[in-house]
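Okay, structure first, notes after.
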Amino acid sequence: MAGKGFTQAIAEDEGLRQGVTTYQGYLTSLPVAQGLDKEHTSIDELV
Numbered sequence: 703m704a705g706k707g708f709t710q711a712i713a714e715d716e717g718l719r720q721g722v723t724t725y726q727g728y729l730t731s732l733p734v735a736q737g738l739d740k741e742h743t744s745i746d747e748l749v
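Heads up: the sequence shown is residues 703 to 749, going by this note's numbering.
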């Protein structure tokens, strides 16, 4: 996984992708976004 790079690793691994809370300036964790009253963008839309 380390040789793939971060973007490829999260694109290929659902479990890893679910652990991402922010990505490229977007808040990707729905529970965190709700807790902060901020907009949420699904990580699936970004990778």
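Yeah, the Cβ is synthetic: ideal placement off N, Cα and C, and Gly gets one too.
- Beta-bridge analysis with DSSP links Leu729 to Thr724.
- When the Cα atoms are used, Tyr728 and Gly705 turn out to be separated by approximately 24 angstroms.
- Minimum Cα-Cα distance from Lys740 among the listed residues Thr723, Asp746, Leu748, Val749 corresponds to Thr723.
- The alpha-carbon of Ala735 is positioned some 6 angstroms away from that of His742.
- With fewer than 16 other Cβ atoms inside 10 Å of its own Cβ, Thr709 counts as exposed.
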